[in-house]
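*Asks:* Okay, handing you the structure first.
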Amino acid sequence: MTGNRDTFKNMEDNIDFDASPVIYGPQTMEELTDDLLKMLLEVANGKKTKAESLGFMEIAIARVCNYA
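Numbering (the numbering used here), first residue to last: 239 to 306.
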């Protein structure tokens with residue numbers, strides 16, 4: 239999931255959900271949450287994520303600031 243439309247455009251084959259339409263338009267937060275919930279339910283019911291389809295099993299969360 240990303241909220242950066244350029245990141246999604248460049249990595250669409252690796253990222254399952256683009257949240258940028260709520261930032262840049264045209265989606266509302268309600269529409270975006272409906273879409274995200276639909277995708278979440280599909281994955282919970284067995285649909286593979288893009289990473290799983292590519293054979294990746296690990297995750298990483300990028301942090302802007304690291305505090306000790």
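Virtual Cβ for every residue (Gly too), placed ideally from N, Cα, C.
#1: Quick one: Cα of K286 to Cα of T266, how far?
#2: Sorted by chain position, which residues of the same chain lie with C-beta nearer than 8 Å to S258's C-beta, five sequence neighbours on each side aside?
#3: May I have the straight-line CA-CA distance separating V281 from D254, to the nearest angstrom?
#4: Under a Cβ-count criterion, where at least 16 other Cβ atoms within 10 Å of its own Cβ denotes burial, should D256 be classed as buried or exposed?
#5: Where do the ends of the alpha helix (DSSP H) carrying E290 lie?
*Replies:* On the basis of the supplied data:
#1: Here residue 286 refers to the residue found at position 48 of the sequence shown. Here residue 266 refers to the residue found at position 28 of the sequence shown. K286 and T266 have their alpha carbons spaced roughly 27 Å apart.
#2: Reading the sequence shown from its first residue, position 20 is the one you call residue 258. Result list for S258: T240, G241, N242, R243, F246, in chain order.
#3: Mapped onto the sequence shown, residue 281 falls at position 43. Mapped onto the sequence shown, residue 254 falls at position 16. Those two C-alpha atoms are separated by around 10 Å.
#4: Position 18 of the sequence shown, counting from 1, holds the residue named residue 256. With 16 or more other Cβ atoms within 10 Å, it is buried.
#5: Numbered from 1 along the sequence shown, position 52 holds the residue referred to as residue 290. Secondary structure note for E290: its alpha helix (DSSP H) is the uninterrupted segment 288-291.
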